[in-house]
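Participant: Here it is, the structure, as structure tokens.
In full-length UniProt numbering, the protein residues as written are 1 to 406.
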């Protein structure tokens, strides 16, 4: 592969695939590579499938800081904080705590909302240009709020983000039940909700496959699976990617768009990023007798319920600092019991599948890092729990930063 006008994108999750698309539209000859044999093999495969353009508050917040001791002690079944003797992780936690200040939370939430708004517009343009089918549905979303304090916090956040034009409002418990009757049996457990009528659901993994088909057929991109990048040589004018099989490829632009392990490639170059792993789980089950049509987020228990035709997908848990991607059967069963306890009639939990676990790459401020590191090296990393939502917007920003070849 000649290097002039070529771009190698490392990582074929939703961030890598959308990065490849954005660069191809700029005129780059794109080679997309991943250690897995197919696209969307990691965190993009089994996520909650919600395109949450409206619900983009930063994880680090004043309300979370008070809970850190109980999180560290494991008292919250939905959010666990691992503590281990690791200097980089300790620095990450220190930065995360600093980002919990009110002013930082406001800045981070505003920037995340701005990027989410860009993402929605970019997705709309993509679908205007290409007839992709990946289960996109205008389901709307209800974020259930457990008490008056959470309602007031949500109201303040909505005032902050109103400028970005994503329609949403605080609704009473009775109105939420009118919008989604499946919540009737859950009424005692929430005080109100944020309703975002235009938020969507879609199959992230299927989107990656369909978009890859488009960029290979229409833009001449190449996908090479089973290629584990082990090092990058930043030669300024061009960079060289070396792979575990001994292969080496040069390109005039290399983009690192992988998950939580990107520092294996970036740290030796002096470009270590503040990224920590956060493990999440999901499972699907047949619809129950009161299955919702609207997507539901139970903010108190950190669970999301998404309708997938004749099945319900339940996603949840946040295990910060956990990098082991395998399903922990005890943790999955605990999440299933919790989901069944709070919304027993939305799914046939007895017939649920074996579940899935994935690792999200979290930054302390919940904002991805999209920048050029040298004339021939760029990154688009750290999208955390909102990778599906932010992918199109951050990849458009990447293409603007990198520019056209030549």
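By construction, the Cβ of each residue, glycine as well, lies at the ideal position given by its N, Cα and C atoms.
I'd like to know if the region 9 to 22 and the region 203 to 211 are in contact, where contact means that at least 3 CB-CB pairs between them fall below 8 Å.
Facilitator: Yes: at least three Cβ pairs fall under 8 Å.
Participant: Based on Cα-Cα distance, which residue from 312, 367, 191, 381 lies nearest to residue 256?
Facilitator: For the purposes of this step, residue 256 is taken as residue 256 along the chain shown, with counting starting at 1. Of 312, 367, 191, 381, the residue nearest in Cα terms is 381.
Participant: So, helix, strand or coil for residue 166, using DSSP?
Facilitator: For this step, residue 166 is matched to residue 166 along the chain shown. Three-state DSSP puts residue 166 in coil, outside helix and strand.
Participant: Taking residue 234 as part of the alpha helix (DSSP H), name the residues at either end of that continuous run.
Facilitator: The sequence position of residue 234 within the chain shown is 234, counting from 1. Run containing residue 234: none in the alpha helix (DSSP H); it sits in the beta strand (DSSP E), 229 to 234.
Participant: Taking the alpha carbon of residue 100 as the reference point, which residue from 365, 375, 275, 43 has its own alpha carbon closest?
Facilitator: To locate residue 100, count along the chain shown from 1; it is residue 100. Of 365, 375, 275, 43, the residue nearest in Cα terms is 365.
Participant: Could you pull out every residue in the same chain whose Cβ sits closer than 8 Å to the Cβ of residue 146, ignoring the five residues on either side in sequence?
Facilitator: For the purposes of this step, residue 146 is taken as residue 146 along the chain shown, with counting starting at 1. Answer for residue 146: 189, 190, 191, 299, 300, listed in chain order.
Participant: Let me check understanding here. Comparing Cα to Cα, which of 167, 194, 166, 165 lies closest to residue 175?
Facilitator: By one-based count along the chain shown, residue 175 stands at place 175. Comparing Cα-Cα distances from residue 175 to each of 167, 194, 166, 165, the minimum goes to 194.
Participant: Three or more beta-carbon pairs under 8 Å between the region 235 to 245 and the region 272 to 287, yes or no?
Facilitator: Judged by Cβ distances under 8 Å, the region 235 to 245 makes no contact with the region 272 to 287, as fewer than three pairs qualify.
Participant: Classify residue 396 as buried or exposed, calling it buried when 16 or more other Cβ atoms lie within 10 Å of its own Cβ.
Facilitator: Within the chain shown, residue 396 is the residue found at index 396, counting from 1. When all chains shown are included, residue 396 counts as buried.
Participant: Do residue 262 and residue 376 have their CB atoms nearer than 8 Å?
Facilitator: Your numbering for residue 262 matches position 262 in the chain shown. Your numbering for residue 376 matches position 376 in the chain shown. Cβ distance not < 8 Å, so residue 262 and residue 376 don't count as in contact.
Participant: Between the beta-carbon of residue 304 and the beta-carbon of residue 288, is there less than 8 Å?
Facilitator: Counting from one through the chain shown, the residue named residue 304 turns up at place 304. Counting from one through the chain shown, the residue named residue 288 turns up at place 288. No, the pair does not count as a contact, with Cβ atoms beyond the cut-off.
Participant: Report the three-state DSSP secondary structure of residue 283 (helix, strand or coil).
Facilitator: Taking the chain shown and counting its residues from 1, the one referred to as residue 283 is at position 283. Note: residue 283 maps to strand in three-state DSSP.
Participant: Residues in its own chain within less than 8 Å of residue 132 by CB, not counting five upstream and five downstream?
Facilitator: Within the chain shown, residue 132 is the residue found at index 132, counting from 1. Cβ neighbours of residue 132 beyond the five flanking positions: 126, 207, 210, 211, 214.
Participant: Could you check whether residue 134 and residue 202 sit closer than 8 Å to each other, using their CB atoms as the reference points?
Facilitator: For the purposes of this step, residue 202 is taken as the residue at position 202 of the chain shown. For the purposes of this step, residue 134 is taken as the residue at position 134 of the chain shown. A contact, by the Cβ cut-off of 8 Å.
Participant: Residues in its own chain within less than 6 Å of residue 399 by CB, not counting five upstream and five downstream?
Facilitator: Position 399 of the chain shown, counted from the start, is the residue given in the question as residue 399. Closer than 6 Å at Cβ, skipping near neighbours: 22, 23, 26.
Participant: Taking the alpha carbon of residue 77 as the point to measure from, which residue in 293, 169, 335 has its own alpha carbon closest?
Facilitator: Taking the first residue of the chain shown as position 1, residue 77 is located at position 77. Comparing Cα positions, the closest option is 335.
Participant: So what's residue 361 in DSSP terms, helix, strand or just coil?
Facilitator: What you label residue 361 is simply residue 361 of the chain shown in a count that begins at 1. If DSSP states are grouped into helix, strand and coil, residue 361 belongs with the strands.
Participant: To the nearest angstrom, how far is it from the Cα of residue 487 to the Cα of residue 65?
Facilitator: Residue 487 is absent from the structure shown; the chain starts at 1 and stops at 406.
Participant: Leaving out five residues on either side along the sequence, give the residues of the same chain with a beta carbon under 6 Å from the beta carbon of residue 1.
Facilitator: Translated into the one-based positions of the chain shown, residue 1 becomes position 1. Note on residue 1: pLDDT 48, under 50, position unreliable in the model; no value is reported.
Participant: Where DSSP assigns a beta bridge to residue 293, which residues make up the other side?
Facilitator: One-based indexing of the chain shown puts residue 293 at position 293. None; residue 293 has no bridge partner.
Participant: Is it buried or exposed for residue 236, if we count other Cβ within 10 angstroms and need 16 for buried?
Facilitator: Here residue 236 is taken as the residue at index 236 of the chain shown, counted from 1. Exposed is the call here.
Participant: Along the chain, where does the beta strand (DSSP E) that runs through residue 212 open and close?
Facilitator: Counting from one through the chain shown, the residue named residue 212 turns up at place 212. Element bounds for residue 212: not the beta strand (DSSP E) but the alpha helix (DSSP H), 204 to 219.
Participant: What's the C-alpha gap between residue 89 and residue 17?
Facilitator: The residue given as residue 89 occupies position 89 in the chain shown. The residue given as residue 17 occupies position 17 in the chain shown. Straight-line Cα distance between these residues: approximately 28 Å.
Participant: In three-state DSSP terms, what is residue 412?
Facilitator: Because the chain here runs from 1 to 406, residue 412 falls outside it and cannot be looked at.
Participant: Do you know offhand how far residue 155's Cα is from residue 110's?
Facilitator: One-based indexing of the chain shown puts residue 155 at position 155. One-based indexing of the chain shown puts residue 110 at position 110. Each residue's Cα considered, the two are about 14 Å apart.
Participant: Go ahead and pull the three-state DSSP assignment for residue 382.
Facilitator: Residue numbering aside, residue 382 sits at position 382 when the chain shown is read from its first letter. Three-state result, residue 382: coil.
Participant: Around the C-beta of residue 292, are 16 or more other C-beta atoms found within 10 angstroms, so that it is buried, or is it exposed?
Facilitator: For the purposes of this step, residue 292 is identified with residue 292 of the chain shown, where counting begins at 1. Buried is the call here.
Participant: Over the uninterrupted beta strand (DSSP E) stretch that includes residue 341, give me the two end residues.
Facilitator: The count along the chain shown starts at 1 and reaches residue 341 at position 341. Segment 329 to 342 is the alpha helix (DSSP H) holding residue 341; no beta strand (DSSP E) there.
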